[in-house]
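Peer 1: Shown below is the structure under consideration.
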Amino acid sequence: MMILFRRILFCLLWLLLPVSWAAESGWLRSPANAHASIRLRADTAATGATRRLREVKLE
């Protein structure tokens, strides 16, 4: 029974591995401006205020 459980767990992990590879990186690129990328994120502080974080990457 334990061997069957291990095999099922291994198969599930093996099948879900490509999902982690396909995760969105969060970088937005404009077709008209291919040398710049922007990533937007939100962070909630303990006080309840939401901060917007913006990163810009130039290539």
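Under this note's numbering, the sequence shown has 1 at position 1, and the numbering climbs by one with no breaks. Ideal placement from N, C-alpha and C gives every residue a C-beta, glycine not left out. It should be emphasised that the depicted structure is a prediction, and the values quoted were computed from it without experimental measurement.
Hey, would you say R29 sits closer than 8 Å to E55, going by beta carbons?
Peer 2: no
Peer 1: Using a Cβ-Cβ cut-off of 8 Å (strictly less than) and excluding sequence neighbours within five positions of A42, which residues of its own chain qualify?
Peer 2: Contacts found: T50, R51, R52, L53.
Peer 1: Going by C-alpha distance, which of I3, H35, A46 is nearest E59?
Peer 2: Nearest of I3, H35, A46 to E59, Cα basis: H35.
Peer 1: Which two residues bound the contiguous beta strand (DSSP E) that contains A42?
Peer 2: 33-44
Peer 1: Between which two residues does the beta strand (DSSP E) containing T47 stretch?
Peer 2: Neither: T47 is in no beta strand (DSSP E) and is coded neither H nor E.
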